[in-house]
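Written out below as structure tokens is the structure these notes cover.
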Amino acid sequence: MPRGWRDMNKPDTSDSQRGRPRLPSWRRKSRETESSLPSASSPDKFYEGRIGDIANEKLDVQAPSNLTGTLDVSEISSTYSPVDLQIETSQILSSLDGITSLVTSGSSNSGSKALSPSSPKPLGLLPLLAGSPSNVAGSVALPSTTPQWMQFLGDQKFSRKEQDLNLGLHQHLDEKFQFEKSKWEEERNVLVTELEDLQEELENTKQAKEEAEQRIACLEGELRIKDEHVNELEQTLSTIQQTLDECKQKVSRDWVISRDEILMTDTCLGVGGWGTVLLGKFRGCKVAVKQIHELILSPHNRRLFEREMNIASRCRHPCLLQFIGATNDEGTPLFVTELMESSLRTLLEQQLLPTSNICILSVDIAQALNYLHLSKPPIIHRDISSANVLLWRQGEQWRGKVSDYGTANFMQQIMTVAPGAMIYSAPEALTSNQTIKIDVYSFGVLLCEMCIRELPDPQNREEQVAMVTNYLFRSLMRRCLQAEPKERPHMEEVIENLESYTL
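Mapped onto the UniProt record's numbering, the consecutive letters of the sequence shown carry residue numbers 1 to 503.
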């Protein structure tokens, strides 16, 4: 028997019973059974906190022989409304004696043994004591007073349920703990792995940094060495540049002549837009002296004149007018060349040239231009005309030399228009797109002039070419007079054509 049950039903050991002999078992049984019934004097003590302990439970109750069924507590809660437990308890206890007498009388009529109020009640009478609703057949409702044995069963079930709940809660908490623990361990492992990777990366970075610092230090050392080497090279270059300047000055002095060595005469050989050509003497030889106007001189033009003289002094060809030298003082520049007998324009004004003579003069002019064009860098004459082709006699044959090749660029810079007559100029002569092909165009115009003995007319260029009777000359002219510079031949091709004709 449970301990609580034994303690609850333990006989009273008050002063009135202390020292009294213990009753026999058959007498004690009736007292214990009687003590299990509710007492009218203390109903609250018995029913306190016992209502609802076995709610929603189904119990199999042994009913009397004339009643069968199952006791459903849930039907009680749904059938009857809540009532005041104090009032119901007092009413039930007040009618307990009447129910007992009813049971006693019924039992005596049936021949059963009479029961006293203090005797224990059979379980079959519990439904009668509780009362049965009139509209429910075969079922009874428990009264608000619950016997202790039912309370004990309810307490046991409640304890088991509480244990089950506690066990389930512990299991759930344990599972959740294990899940959270495993999750935390996974996260921890991931973080540990990341930390290891970061540490490894940090070590690699530190190592790379050290290597980079070493490399930088090495490069800085190499840079210092190279800087020293560059400084040495700069010093060497400065020395070489100084030596080169001295050499240039020496070279420039090769063409510079003193003004005192030139003896000027009053004989005028020609007049141009940039100056006058006079007859003079240089070291006992007759020479042609070109005197440039002072109005067109400036520091820039003087530097340009000096550069052109350097170019002219390096040109050496039998078909080019021989350049002797020039002055380079603060006075008016004097340009000294060899003296020729006549010019091509003067000769054309006097007579008609035979085809053989035209061919020889054309070859001389073409060879002079080809020499200039093959120079490094190429020299563009820009002023080919009959006035700039000077003649000298070789027996009975006139030979030609091209003049002003050293001053053509200088003349173009200082004059407002292109040097020479525009009647010889190519279409692109006034543009910046100037190549050696502009000299080829001027050569074609000059060849036409030698054949027809007429000054060139840009407006009637094609008519003048058609006047040429020689097929070779006319064909060569048209090739040289092409509007597109790329379609014009080089002077080498011109020389080959002319030489093949003379042969």
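By construction, the Cβ of each residue, glycine as well, lies at the ideal position given by its N, Cα and C atoms.
Owing to the predicted nature of the structure, the values given are computational and were not obtained by experimental measurement.
Near PRO333, which residues of its chain fall below 7 Å by C-beta distance, leaving aside the five closest residues on each side in sequence?
-> ILE292, PHE305, ALA326 and THR327
My guess is that VAL440 and ARG488 are in contact by the Cβ rule of under 8 Å, so how many angstroms apart are they, rounded?
-> 5 Å
Would you report the Cα separation of GLY275 and ASP227, rounded to the nearest angstrom?
-> 54 Å
Hey, quick one: how far does the beta strand (DSSP E) through LEU372 stretch, first residue to last?
-> Counting along the chain, LEU372 falls outside any beta strand (DSSP E), though it belongs to the alpha helix (DSSP H) covering 355-373.
Hey, is the stretch 364-374 in contact with the stretch 345-352, meaning 3+ C-beta pairs nearer than 8 Å?
-> no
Inspect the beta-carbon positions of HIS373 and VAL402 and report whether they are closer than 9 Å.
-> no
What is the DSSP secondary structure of GLU338, counted as helix, strand or coil?
-> strand
Simplified DSSP state of THR276, which is helix, strand or coil = strand
Going by DSSP, which residues form a beta bridge with GLY270?
-> VAL277
Return helix, strand or coil for ILE438, following the three-state DSSP convention.
-> helix
Buried or exposed for PHE335, please, with buried defined as at least 16 other CB atoms from any protein chain shown within 10 angstroms of its CB.
-> buried
For GLN482, the nearest candidate out of VAL271, CYS285, LYS437 and THR337 (CA to CA) | LYS437
From the DSSP output, in three-state form, read off LEU430 for me.
-> coil
Could you pull out every residue in the same chain whose Cβ sits closer than 8 Å to the Cβ of GLU449, ignoring the five residues on either side in sequence?
-> LEU348, SER386, LEU455 and PRO456
Inter-stretch contact (C-beta, 8 Å, three-pair minimum) for the stretch 231-245 and the stretch 258-272 = no
Do VAL389 and ILE423 have their C-beta atoms closer together than 9 Å?
-> no
Report buried or exposed for SER298, applying the criterion of at least 16 other Cβ atoms within 10 angstroms of its Cβ.
-> exposed
By how many angstroms is the C-alpha of GLU396 removed from the C-alpha of ASN357?
-> 10 Å
Same chain, Cβ closer than 8 Å to LEU472, neighbours up to 5 away in sequence not counted = ASN497 and TYR501
By DSSP, does THR416 sit in helix, in strand, or in coil?
-> With a pLDDT of only 42 at THR416, under 50, the local geometry of the prediction cannot be trusted, and no value is derived from it.
Inter-residue spacing [alpha-carbon to alpha-carbon] between residue 510 and SER432 | Outside the shown range of the chain (1 to 503) lies residue 510, about which nothing can therefore be said.
What separation, rounded to the nearest whole angstrom, lies between the Cα atoms of THR239 and LEU233?
-> 10 Å
Whole-number beta carbon distance between ILE324 and GLU338, since they are thought to touch under 8 Å = 7 Å
Residue closest to ARG283, alpha-carbon to alpha-carbon, out of LEU263, CYS268, LEU237 and ARG474 | LEU263
If we ignore side chains and look at the alpha-carbon of each, how far apart do residue 505 and HIS229 end up?
-> No answer is possible for residue 505: the residues shown for the chain start at 1 and end at 503.
For GLN397, three-class secondary structure by DSSP = strand
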